[in-house]
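Numbering (my numbering), first residue to last: 156 to 923. Think of the CB as a built atom: it goes at the ideal place given N, C-alpha and C, for glycine as much as any other residue. As the structure is a computational prediction, the values presented were derived from the model and not from experiment. Each remark here refers to the structure printed beneath this line.
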């Protein structure tokens, strides 16, 4: 029999439970706390972890579905779920497995509302921990509600957005490196109190915004400004170790009592000041460059379309090599990014995601604390062998906002997802560069926003001298990857008629510029004989590109001399494969030929195809094949000072897959007038005994020379890396015999080694 007092307690308990459940349903307050954790992940993906009874645990993958993933992602403030992963893809968690056999409809506000076996009831192991990938876009106005009232300290930071808000005197600076730090929570921008703020917190913020480190600043003007400004403080402090790649990886500190302008006591809003990396800092003066020579870097990135991304390569014993992806994680990737003058790493990439490198694999099983000055200071296994280049590690780094990146094609103004998300409102904003008239956001006529008589107007770019390098810069600036084609006529794209006038001409780029405006050009005084409109410059972009690399060892091992009579060289003479003195030679005279084999491998991420279509190829009756590129390879013999003494050339003879790496199918074959190209992972081999695979050295005196081979010398086809298109060898000719030795590819050795080979760092044969 219940006493009146016990009855009152029971009724109160039932009423409180009913109110709690209904309050949860009404206010969307989750009854459990969630976070994403694990290895090799971005901030919108990871192992699902649940905070219950003050302890973090995992979720089993049994009966998990995309609907359950949607509930997880929305509870964390993301608009939707993209996918989910079973079997501990993000590593095995620790502690209890709180939920098993989860069954959600996808409409629940909290994971606790889904059916399950109950908290802690499971027969799973941590090898079954589930992970999710959420859409990167955040829910507008989302407020991360925390229900663990006594456990908020130590939870991950969840806010909608973060920004460095520059003062009026700094807002015109690009990039913005200093200002008040603000977080967006519940749809409002709020400041953070600086009383518990640390340098480690600033280090994380600077890394997020593309800067390698933080620095001291003059606090006096900020104090004066803070006194005059109405403040809206966020209710928590932040605890970062300095090793986090993003603020969302940091933990919450103590909760603050919000009291308006008095919230922060004797403190003020947090100010962050960052050090820009070399690429983004004001350029060094000529005098400084002359007085101080920059040190040889020990780490570099190769193969990436955008600045701050690429395959990680390390210099060791004078030779560049790659890093194996075993144990490769975000901490090691961040060390690389900061070392190179970028911010923290957005992504630690594995499986040769940025193409395969050449040379040795220098490092394996890398372990970094995150605070090393260089990747070379990290621990690694010096004895672990067996890594191949299909395991090359790569990174994507946070880089500063430089104010010129536009990702909208005017032809559609639709949202496109590459590695970014943006608002459709971007179509309405003023930008410096756009593509117009293309069939999709990756192509179109290039249009520039220029100042004409005090007004900003859109105009065309002159197509005179417009080529692959210029197109590469446009695609990079727009965040669209590599250039696949550069167009000098765009009559087939209906652009904006009001933008037909040329506002930019004489554009010449090296290919490394961040924006088209950084390339050489005529300035405001344009000169373009054909004009804009149908003759305006255009581009098409792609997310992947080929990368051709010559096998230097094959050249070194197959070089020899052959004396051949003119009557056996008729076809070669027709194709201009002999030196000019052969034009007047007797048919019985002999030519001395320096012969060798060439093997060209496609190490990139897409097939190498001739720029021109099949209908434009030239048929050569004598050799019975099509030339799909006018010049595919140059062969030259140079003396010690880099002057050419003899030359050869190779039209695109018969581009095909002669051999392929294991598991790769041949796609291109010249027989029966088939398609020409080189598949990723395949070799195009041209043997030493085939016509034109030589240099005519009949008129060359004995001596020491440099043999040079350059692939794709006129940049007719875009590649992810042009530095490895050139190869040089030491060559000794005594009048009767030839020795070829010390062959190596451009960019494969230290700068000190390459300086002994004139022109190795620059493609001197370009006819652009």
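Check whether residue i and residue j have beta carbons under 7 Å apart
i, j, result
"residue 248", "residue 202", "yes"
"residue 548", "residue 478", "yes"
"residue 198", "residue 340", "no"
"residue 823", "residue 831", "yes"
"residue 719", "residue 749", "no"
"residue 389", "residue 328", "no"
"residue 290", "residue 338", "no"
"residue 355", "residue 553", "no"
"residue 432", "residue 496", "yes"
"residue 664", "residue 674", "yes"
"residue 654", "residue 602", "yes"
Minimum C-alpha distance to residue i - residue among the options
i, options, result
"residue 839", "812, 556 and 861", "812"
"residue 425", "480, 319 and 500", "319"
"residue 598", "460, 607 and 637", "637"
"residue 623", "600, 666 and 613", "666"
"residue 817", "545, 520 and 368", "545"
"residue 370", "428, 353 and 191", "428"
"residue 488", "501, 496, 476 and 481", "501"
"residue 850", "792, 277 and 361", "792"
"residue 878", "903, 347, 833 and 229", "903"
"residue 542", "625, 480 and 229", "480"
"residue 746", "556, 752 and 737", "737"
"residue 774", "519, 829 and 504", "829"
"residue 471", "484, 455 and 383", "455"
"residue 781", "827, 627 and 503", "827"
"residue 256", "285, 854 and 263", "285"
"residue 218", "714, 475 and 271", "271"
"residue 693", "727, 729, 765 and 650", "650"
"residue 154", "672, 459 and 263", "The displayed coordinates of the chain run from 156 to 923. Any statement about residue 154 would go beyond what the structure contains."
"residue 863", "334, 714, 763 and 889", "714"
"residue 392", "484, 906, 627 and 311", "311"
"residue 756", "332, 314, 706 and 727", "706"
Beta-bridge partners of residue i, as assigned by DSSP
i, result
"residue 406", "311 and 394"
"residue 640", "695"
"residue 284", "215"
"residue 510", "According to DSSP, which records beta bridges pairwise, residue 510 is partnered with nothing at all."
"residue 258", "270"
"residue 899", "883"
"residue 732", "According to DSSP, residue 732 bridges with nothing at all."
"residue 458", "Its beta-bridge partners do not exist; DSSP assigns none."
"residue 233", "293"
Limits of the unbroken alpha helix (DSSP H) element including residue i
i, result
"residue 376", "375–383"
"residue 362", "354–363"
"residue 747", "Counting along the chain, residue 747 falls outside any alpha helix (DSSP H), though it belongs to the beta strand (DSSP E) covering 745–750."
"residue 224", "221–230"
"residue 200", "That residue, residue 200, is in no alpha helix (DSSP H); its beta strand (DSSP E) goes 200–207."
"residue 469", "Premise fails: residue 469 lies in the beta strand (DSSP E), 464–471, not in any alpha helix (DSSP H)."
"residue 490", "485–494"
"residue 623", "623–632"
"residue 194", "Per DSSP, residue 194 belongs to no alpha helix (DSSP H) and is neither H nor E."
"residue 711", "707–713"
Beta strand (DSSP E) segment containing residue i, residue limits
i, result
"residue 276", "Premise fails: residue 276 is in no beta strand (DSSP E) and is neither H nor E."
"residue 861", "858–866"
"residue 518", "516–518"
"residue 319", "316–320"
"residue 811", "Residue 811 -> no beta strand (DSSP E), and no H or E assigned at all."
Anticipated Cβ contact below 8 Å, residue i with residue j, distance rounded
i, j, result
"residue 867", "residue 703", "6 Å"
"residue 990", "residue 640", "Residue 990 lies beyond the range of the chain shown here (156 to 923); nothing can be said about it."
"residue 691", "residue 605", "Between residue 605 and residue 691 the Cβ distance is about 14 Å, and since that is not below 8 Å, they are no contact."
"residue 847", "residue 732", "4 Å"
"residue 464", "residue 551", "4 Å"
"residue 874", "residue 784", "Contact flag wrong, Cβ pair sits at about 13 Å."
"residue 213", "residue 253", "7 Å"
"residue 226", "residue 191", "With 8 Å as the limit, residue 226 and residue 191 do not qualify as a contact, their Cβ atoms being about 14 Å apart."
"residue 216", "residue 242", "7 Å"
"residue 410", "residue 359", "At roughly 20 Å, the Cβ-Cβ gap does not stay under 8 Å, so residue 410 and residue 359 are not in contact."
"residue 855", "residue 800", "5 Å"
"residue 635", "residue 696", "4 Å"
"residue 322", "residue 379", "Rounded, the Cβ-Cβ distance is 10 Å, inconsistent with contact."
"residue 869", "residue 786", "6 Å"
"residue 762", "residue 852", "That pair is no contact at about 35 Å."
Cβ-heavy atom distance, residue i to the ligand SAH, below 6 Å
i, result
"residue 502", "In the structure on display, the ligand SAH does not appear, and there are no ligands present to speak of."
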